[in-house]
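Novice: The working numbering numbers the first residue of the sequence shown as 2 and each following residue consecutively.
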Amino acid sequence: MGGRNGHYGYHEYRGRGGGRGRTVLLFIIALLVVLLLAGVLFMVFIGPYLEYSPTGLKINWPWAQEEPPAPSPPPIASDLLEVVSDPPPDLIVESTEPTPSPKPEYTPIGVVTVTAAQLRNGTAAQTAAAAGGGAVVVEMKDIKGRLAWQSQVELAATLGTNAADNLTAQAVQTLSQTTDLYLVARVQCFRDPILAQRWVGTLMTKGGNLWHDAQGVGWTSPASQQTVDYLSALCLELADMGFDEILLDSAGYPNFGEVNVLAVGDNRPEDLTVPVSAFLSRLSEELEERGVRLSVYTDETLATGSAVLSGLTAQVLAQYADRVWLSSQASAQQYTALLTAEGWENLSTRLVVKNADVGSWYQ
Numbered sequence: 002m003g004g005r006n007g008h009y010g011y012h013e014y015r016g017r018g019g020g021r022g023r024t025v026l027l028f029i030i031a032l033l034v035v036l037l038l039a040g041v042l043f044m045v046f047i048g049p050y051l052e053y054s055p056t057g058l059k060i061n062w063p064w065a066q067e068e069p070p071a072p073s074p075p076p077i078a079s080d081l082l083e084v085v086s087d088p089p090p091d092l093i094v095e096s097t098e099p100t101p102s103p104k105p106e107y108t109p110i111g112v113v114t115v116t117a118a119q120l121r122n123g124t125a126a127q128t129a130a131a132a133g134g135g136a137v138v139v140e141m142k143d144i145k146g147r148l149a150w151q152s153q154v155e156l157a158a159t160l161g162t163n164a165a166d167n168l169t170a171q172a173v174q175t176l177s178q179t180t181d182l183y184l185v186a187r188v189q190c191f192r193d194p195i196l197a198q199r200w201v202g203t204l205m206t207k208g209g210n211l212w213h214d215a216q217g218v219g220w221t222s223p224a225s226q227q228t229v230d231y232l233s234a235l236c237l238e239l240a241d242m243g244f245d246e247i248l249l250d251s252a253g254y255p256n257f258g259e260v261n262v263l264a265v266g267d268n269r270p271e272d273l274t275v276p277v278s279a280f281l282s283r284l285s286e287e288l289e290e291r292g293v294r295l296s297v298y299t300d301e302t303l304a305t306g307s308a309v310l311s312g313l314t315a316q317v318l319a320q321y322a323d324r325v326w327l328s329s330q331a332s333a334q335q336y337t338a339l340l341t342a343e344g345w346e347n348l349s350t351r352l353v354v355k356n357a358d359v360g361s362w363y364q
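1. Counting only the same chain and skipping the five closest in sequence on each side, list residues whose C-beta sits under 8 Å from that of residue 103.
2. Can residue 295 and residue 313 be called in contact, C-beta distance under 8 Å?
3. Enumerated in chain order, which unbroken segments of the beta strand (DSSP E) with a length of 3 residues or greater are wholly contained in the stretch 249–318?
4. Three or more C-beta pairs closer than 8 Å, one from the stretch 232–240 and one from the stretch 257–267: is that the case here?
5. Which residues mark the beginning and the end of the alpha helix (DSSP H) in which residue 349 is found?
6. Closer than 6 Å by C-beta to residue 324: which residues in its own chain qualify, once you throw out the five before and the five after it? Chain order, please.
7. Return helix, strand or coil for residue 40, following the three-state DSSP convention.
8. Measure the Cβ-Cβ separation of residue 141 and residue 149 and say whether it is below 8 Å.
9. By DSSP, does residue 106 sit in helix, in strand, or in coil?
10. Look at the Cβ atom of residue 173, then the Cβ atom of residue 244, and state whether they are nearer than 8 Å.
11. Along the chain, where does the alpha helix (DSSP H) that runs through residue 361 open and close?
12. If you check the beta carbons only, do residue 247 and residue 154 fall under 8 Å apart?
13. Looking at residue 251: is its Cβ nearer than 8 Å to the Cβ of residue 192?
14. Grouping DSSP H, G and I as helix and E and B as strand, with all else coil, what is residue 83?
15. Apart from the five residues on each side of it in sequence, which residues of its chain come closer than 6 Å, Cβ to Cβ, to residue 202?
16. Report all residues from its chain with a CB closer than 7 Å to the CB of residue 318; omit the five preceding and five following residues, and keep chain order.
17. Tell whether a beta-carbon distance below 8 Å holds between residue 343 and residue 316.
18. Would you mind stating whether residue 112 and residue 138 have Cβ atoms separated by less than 8 Å?
19. What is the rounded straight-line gap between the Cα of residue 359 and the Cα of residue 321?
20. Where in the stretch 190–258 do unbroken runs of the beta strand (DSSP E), each at least 3 residues long, occur, reported from the N-terminal end onward?
21. Does the Cβ of residue 289 have 16 or more other Cβ atoms within 10 Å, making it buried, or fewer, making it exposed?
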């Protein structure tokens, strides 16, 4: 029962191609893996060169890019040919130094004092002509702090200093537009009892009381910013009104009365010239922009080495004033010498003396 058959009469069968078929299957799988890896590497390589457009996918192969044109060879140097010709006359540009601005010219003025009433009734021009003058001066802000016109400055309305009407301002505008009359506005600056009583830069005594001058008038301070702003705004209104010159009276600290009892402090510092200079410097620049002259009236006696109670030294006047008007108490000879020493020129036209026979005068 033994022999070549199995235990139960069956023998083991091995297919004819079993091992060979398995080898082929493994080969196919390996080939697919290789193709897959090759595809991945290919996509990574060509990724930067792919371009998606409305017409489809486009591959910009690097070897297909156009080469940039070769740079042009540098020009061959050759001998320079000098060409000499005369430029047309209209193309010749001369090199010149900048021309400095000319200094303002001053001519002697004869000024006649008129009132606001004479301006309003139309007799100001005739009054000046009858006295032989070509200019008039009118007080537009008096020692009581009152104005001869209706100012648009807010503080003027608050203080109640405006005129009842604006007829004086209208008369000034008419004269400015219809005549050659030289118009001067006189302005009381820091001698202002209204500002002093409202505690705007008020000058005080050492005992803490409001200070008054010999005529019982209170003063405000050139060091008060509110006061300076107020005066500056008023003067600019007068310039726009048609005045050719603004004459400042009481343009510094008081120099008469019991000035020895005045307190030293913020409103009246040790060096009085500092706030006075600052005020005049500001106003002179503002008026210069409008073509209007700035003048200062003084009755203080100046001498080298003497005390200047107002702060209006010869140096300050020479630096900021276009003209200086002297009272009958002031010495024209002294002011001539002092202002000349400070570099002032044309004194005969810039120093205005009361009732003078020559040069600039007023009456």
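A virtual CB, placed ideally from N, CA and C, is assigned to each residue, including glycine.
Specialist: From the atom records:
1. Summary for residue 103: the model assigns pLDDT 46, below 50, so the residue's position carries little reliability, and this model does not support an answer.
2. no
3. 294–299
4. no
5. 348–351
6. 296, 351, 353
7. helix
8. yes
9. coil
10. yes
11. Not the alpha helix (DSSP H): residue 361 falls in the beta strand (DSSP E), residues 361–363.
12. no
13. yes
14. Confidence in residue 83 is poor, its pLDDT being 47 and thus under 50, which makes the residue's placement unreliable; the coordinate value appears in the next sentence. Here residue 83 sits in coil by DSSP.
15. 221, 222, 225, 228, 268
16. 297, 325, 340
17. yes
18. yes
19. 24 Å
20. 246–250
21. exposed
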